[in-house]
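Following this note's numbering, the numbering of the sequence shown begins with 85 at its first residue and continues without gaps. Even for Gly, the Cβ is constructed at its ideal location relative to N, Cα and C. Below is one structure, written out as structure tokens, with a few remarks after it.
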Amino acid sequence: MKILRLTISVIVIGVLFFSMPLHAGDQVPNNQGQKDECLLILKNCEMQAESLQQKINRLNEEIAKGTRVYSPDELKKLKEKLQDANRTLELLLNDKQTLGM
85 MKILRLTISV
95 IVIGVLFFSM
105 PLHAGDQVPN
115 NQGQKDECLL
125 ILKNCEMQAE
135 SLQQKINRLN
145 EEIAKGTRVY
155 SPDELKKLKE
165 KLQDANRTLE
175 LLLNDKQTLG
185 M
């Protein structure tokens, strides 16, 4: 019985170990013709940390792809997120000026 458990454990570990490289290749980098799901629905973000300016730049790049990549509803969401990010940046800059920085 112990040999059977050991054999099954080794097989399961082997399958998991060797399938990891296969799953690593599933992540396709954002190319010109692909949606940025992280910006749209916070999916596939891979713990991205970016500055507000970087987010604004990414949103502008994605919006520029237009309807050949995004549906009209998705473009609307991206534009709303861009407006929010720009408003936040404006508020931060105004606060800096108010504080005399």
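What's the C-alpha gap between residue i and residue j?
{"i": "glutamate 158", "j": "isoleucine 97", "result": "41 Å"}
{"i": "leucine 175", "j": "proline 156", "result": "29 Å"}
{"i": "methionine 170", "j": "glutamine 118", "result": "This sequence places asparagine at residue 170; methionine is not what is there. If you take the alpha carbons of asparagine 170 and glutamine 118, they lie about 24 Å apart."}
{"i": "leucine 173", "j": "lysine 160", "result": "20 Å"}
{"i": "leucine 124", "j": "tyrosine 154", "result": "10 Å"}
{"i": "glutamine 181", "j": "arginine 152", "result": "41 Å"}
{"i": "lysine 86", "j": "serine 93", "result": "10 Å"}
{"i": "leucine 162", "j": "leucine 88", "result": "54 Å"}
{"i": "asparagine 178", "j": "glycine 150", "result": "32 Å"}
{"i": "glutamate 134", "j": "alanine 148", "result": "20 Å"}
Considering residue i, what are the terminal residues of the alpha helix (DSSP H) in which it resides?
{"i": "glutamate 146", "result": "136 to 149"}
Which residues in the same chain have their Cβ closer than 8 Å to the Cβ of residue i, if we skip the five residues on either side of it in sequence?
{"i": "asparagine 39", "result": "Since the first and last residues shown for the chain are 85 and 185, residue 39 lies out of range."}
{"i": "leucine 136", "result": "Ala169, Thr172, Leu173 and Leu176"}
{"i": "isoleucine 95", "result": "none"}
So, for residue i: in the same chain, excluding its five sequence neighbours on each side, which residues have a beta-carbon less than 7 Å away from its beta-carbon?
{"i": "lysine 139", "result": "Ala169"}
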